[in-house]
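Reviewing the structure listed below.
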Amino acid sequence: MQLDVRLPIGLMFSLFGAMLAVYGFVQGAAVRHRLFGANLNLAWGLVMLAFGVVMLVFALRARGKNDGRGPAS
Amino acid sequence: MPHSLTLTGIDYAILVIYFLFVLGIGYVLKRSVSGSKDFFESGRSLPAWICALGFIGANLGAQEVMGMAASGAKYGIMTSHFYWVGAIPAMVFVAIFMMPFYYGSKARSVPEYLKLRFDEKTRGFNALTFATMTVMSSGISMYALATLLNAILGWNFDGCIIVSGLIVLAYIFMGGLTSAIYNEVLQFFLIVFGFLPLVLLGLKDVGGWSGLMAKLSPVATKAGFDAGAFSHSWANTGSANANPMGIEWFGLAMGLGFVLSFGYWCTDFLVVQRAMAAKDMGAARRTPILAAVPKMLFPALVILPGMIAIALHAAGGDFQLPAKNGGLNYDMVVPTMLAHYFPAGMLGLGLTALMASFMSGMAGNVTAFNTVWTYDLYQGYIKKDGTDAHYLAVGRWTTVVGILLSMGAAYFAAKFNNIMDVLQLVFAFVNAPLFATFLLGMFWKRTTGHGAFFGLISGTVAAAIHHGLVISKGVETGMKGGWLSVVHTYPSEMAQNFWTAIWAWSVCFVATIAISLATRRKKTDEELTGLVYSLTPKIKEHDIAWWKKPAVLGIIVLAASFGLNLLFW
Chain A
1 MQLDVRLPIG
11 LMFSLFGAML
21 AVYGFVQGAA
31 VRHRLFGANL
41 NLAWGLVMLA
51 FGVVMLVFAL
61 RARGKNDGRG
71 PAS
Chain B
1001 MPHSLTLTGI
1011 DYAILVIYFL
1021 FVLGIGYVLK
1031 RSVSGSKDFF
1041 ESGRSLPAWI
1051 CALGFIGANL
1061 GAQEVMGMAA
1071 SGAKYGIMTS
1081 HFYWVGAIPA
1091 MVFVAIFMMP
1101 FYYGSKARSV
1111 PEYLKLRFDE
1121 KTRGFNALTF
1131 ATMTVMSSGI
1141 SMYALATLLN
1151 AILGWNFDGC
1161 IIVSGLIVLA
1171 YIFMGGLTSA
1181 IYNEVLQFFL
1191 IVFGFLPLVL
1201 LGLKDVGGWS
1211 GLMAKLSPVA
1221 TKAGFDAGAF
1231 SHSWANTGSA
1241 NANPMGIEWF
1251 GLAMGLGFVL
1261 SFGYWCTDFL
1271 VVQRAMAAKD
1281 MGAARRTPIL
1291 AAVPKMLFPA
1301 LVILPGMIAI
1311 ALHAAGGDFQ
1321 LPAKNGGLNY
1331 DMVVPTMLAH
1341 YFPAGMLGLG
1351 LTALMASFMS
1361 GMAGNVTAFN
1371 TVWTYDLYQG
1381 YIKKDGTDAH
1391 YLAVGRWTTV
1401 VGILLSMGAA
1411 YFAAKFNNIM
1421 DVLQLVFAFV
1431 NAPLFATFLL
1441 GMFWKRTTGH
1451 GAFFGLISGT
1461 VAAAIHHGLV
1471 ISKGVETGMK
1481 GGWLSVVHTY
1491 PSEMAQNFWT
1501 AIWAWSVCFV
1511 ATIAISLATR
1521 RKKTDEELTG
1531 LVYSLTPKIK
1541 EHDIAWWKKP
1551 AVLGIIVLAA
1561 SFGLNLLFW
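This is the structure in structure tokens:
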């Protein structure tokens, strides 16, 4: 069985997303973006975390269904 | 710009984790490499979407991210011609018309197709020039990466070359083409997630699209052009002197849109190899078309930062591009924006994305190099009857040699200024005539081996002679042209390169036809089945859903690209 590429993608982006979100949350105002007052790390970290989780779900579902190679096309 | 970036713990952590994933993918895939077909062709087993992202990821090298941002700052929205004119039509063409011959024939590489279609010498010539070009491109990626890290982080230049080389070497050595493609997919997403927030922040800072357009007007007028010269792609191409790129519409459409673009996307084994790794003909043909969708949107990710940077710089705020040799250092657009907009954490992500883009460019070239060397040069001329295990071993060790040669090329590249121009020059000499050979080879069965070979040589020589006779405005003669004598001066290097390509292609096209008519065709109709359009049974698509048909997808993509040209006219 060959590796499903969505597995490492999902793992890496979930990890990066979680790291940035937690970092942004803990640091709070200290690392707020100086231009727009947005907590960039927290916001973008959550976006990446969501992407990573979606990729992981696809990878795990495919693993259950076929030989784990990914979708048909 | 001495060491403008300071990394903190979380930035380093992201970088290190990324490298671990890259190496981990290679390590896990090592188990599935059991023969040379797995190593060089991914066992022809991958689904279209993975091949498509690999196809586009391999192209997302140094010239793409740093070069396109630099061009965005130098030429404005006209840079998008490299996408909507210089990529999409050719990507659709290779998918619909050429992939059936690449994937459907027994060829394992583009040079091998030339052997089957024409003869040994044509293959040998293409394999040698291509191998040289891949090593050069890979070296340019490495050089750009090391220069950048040295400039912004103060890291050691030689150290960067060695470490980046070793990482790429390790994951290709272990997992072969599949490992390279998987990492290209990972890098593709990393680049999107790393650069998208940069574009969004920059755009907000500059006052949105309308703010950007307003701030680009004085940039254009100060440079002596119409106010809209930086914000229109075609409007100012009536004369070469009226736009910052220094090229008129014909040279642009013919040189970039036809010759260079088709030469690259349709014959360059670096990208074609990704499509040939697909699991079946349908997937192979869908690969370039699916890849065209993100390609069409990339100007927003790679050109827009350059336009934003020059607009902000000209507006005189706290964002300033660094100077270089009396002008601006356009290559520093992306790093300067990263330093300006990203806090710790995001900075690590952006920097990792930048490194990923260099490494994917490098890896794409190295996998193409090891395949062409092993199949076309080693198996073709040195040892014809080795075992499969032998060729697998040769492929692995060729990867080592390819990396070493790239390192040499990196130091060579240090002599040149603009990465993009060097690449265009190399493509002009080697790739531009090549598309004439393929076009005639695939669609005119009368084309002979002698015609193809001597046509190619004529085209390449024509490129060199043209380059030797012309120069671009304000440039010293030498490596940049005019080394024979200066009979014509182009308004820009871009125009010079496009016209070199046009000459090369035209000479090759005419010479190939003339020589073919004067020589006898040695291959029988039977031998050419599957290699030439008129002698190959048409592909039946009755059982394929309409939305999976390459022609339907191709038309949709072309229409969208046409729309973008109109929108930013």
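Respectively, the protein sequence lines represent chains A and B. Sequential numbering of the first sequence, starting at 1, is according to the numbering used here. Sequential numbering of the second sequence, starting at 1001, is according to the numbering used here. Virtual Cβ for every residue (Gly too), placed ideally from N, Cα, C.
query                                                                                                                                         : result
Closest by C-alpha distance to residue 1466 of chain B, when choosing among B/1451, B/1240, B/1485 and B/1448                                 : B/1485
Residue environment, residue 1317 of chain B, which counts as buried when at least 16 other CB atoms sit within 10 Å                          : exposed
Those runs of the alpha helix (DSSP H) which lie wholly inside the stretch 1403 to 1476 of chain B and span at least 4 residues               : 1419 to 1443 and 1449 to 1469
Span of the alpha helix (DSSP H) around residue 1178 of chain B                                                                               : 1157 to 1205
Partners in chain B for residue 13 of chain A, counting only beta-carbon separations shorter than 8 Å                                         : 1189 and 1193
Residue 1433 of chain B vs residue 1504 of chain B beta-carbon contact at 9 Å                                                                 : yes
Residue 1548 of chain B - DSSP class collapsed to helix/strand/coil                                                                           : helix
Partner residues on chain B for residue 3 of chain A, Cβ-Cβ distance less than 8 Å                                                            : 1025, 1028, 1029, 1032 and 1182
Minimum C-alpha distance to residue 1402 of chain B - residue among B/1087, B/1330, B/1494 and B/1137                                         : B/1137
Contacting residues, own chain, Cβ-Cβ under 7 Å from residue 1458 of chain B (five flanking each side not counted)                            : 1507, 1508 and 1511
Any 3 or more C-beta pairs closer than 8 Å across the stretch 1168 to 1178 of chain B and the stretch 1010 to 1030 of chain B                 : yes
Chain B residues whose Cβ lies nearer than 9 Å to that of residue 40 of chain A                                                               : 1197, 1201, 1341, 1342, 1343, 1345 and 1346
Close-in-space but distant-in-sequence residues of the same chain around residue 1258 of chain B (CB under 6 Å, 5 per side omitted)           : none
9 Å Cβ cutoff, residue 1017 of chain B in contact with chain A                                                                                : yes
Own chain partners of residue 1413 of chain B with C-beta closer than 6 Å, once the 5 adjacent residues on each side are dropped              : 1139, 1140 and 1143
The stretch 1445 to 1462 of chain B in contact with the stretch 1520 to 1532 of chain B per 3-pair CB rule at 8 Å                             : yes
Within chain A, partners of residue 1630 of chain B - CB distance below 7 Å                                                                   : Not covered by the structure: residue 1630 of chain B. The range shown for chain B is 1001 to 1569.
Backbone CA spacing between residue 68 of chain A and residue 7 of chain A [nearest angstrom]                                                 : At residue 68 of chain A the pLDDT is 46, less than 50, meaning the model places this residue with poor confidence; the figure from the coordinates comes in the next sentence. Approximately 10 Å, taken between the alpha carbons.
Residue 1375 of chain B and residue 1101 of chain B closer than 9 Å at C-beta                                                                 : no
Any C-beta of chain A under 9 Å from that of residue 1477 of chain B                                                                          : no
Within chain C, partners of residue 1310 of chain B - CB distance below 7 Å                                                                   : Note that chain C does not occur in the displayed structure, where the protein chains are A and B.
C-alpha distance - residue 1248 of chain B paired with residue 1260 of chain B, whole-angstrom precision                                      : 16 Å
Within chain B, the residues that residue 24 of chain A reaches when beta carbons sit closer than 7 Å                                         : 1345
Which of helix, strand or coil DSSP assigns to residue 64 of chain A                                                                          : helix
Where residue 1560 of chain B sits in the DSSP three-state scheme                                                                             : helix
Cβ-based contacts, 7 Å cut-off: residues of the stretch 47 to 63 of chain A near chain B                                                      : 48
Proximity below 9 Å, CB of residue 1070 of chain B to CB of residue 1307 of chain B                                                           : no
Chain-order list of residues whose beta-carbon lies under 6 Å from that of residue 1221 of chain B (same chain, five-residue window excluded) : 1227
Residue 1328 of chain B, DSSP secondary structure in three states                                                                             : strand
Partners in chain A for residue 1013 of chain B, counting only beta-carbon separations shorter than 8 Å                                       : 19
is_contact[residue 28 of chain A, chain B] using C-beta, thresh 9 Å                                                                           : no
Residues of its chain near residue 1005 of chain B, where Cβ-Cβ distance is below 8 Å and the 5 sequence neighbours each way are ignored      : 1152, 1153, 1335, 1338, 1339, 1347 and 1351
Short CB-CB distance (under 9 Å) between residue 1334 of chain B and chain A                                                                  : no
Nearest neighbour of residue 1219 of chain B, chosen from B/1076, B/1496 and B/1022 [CA to CA]                                                : B/1076
Residue 1500 of chain B - containing alpha helix (DSSP H), residue span                                                                       : 1493 to 1518
Residue 1127 of chain B beta carbon near the ligand MG (any heavy atom closer than 8 Å)                                                       : Here there are no bound small molecules, and the ligand MG is not part of this structure.
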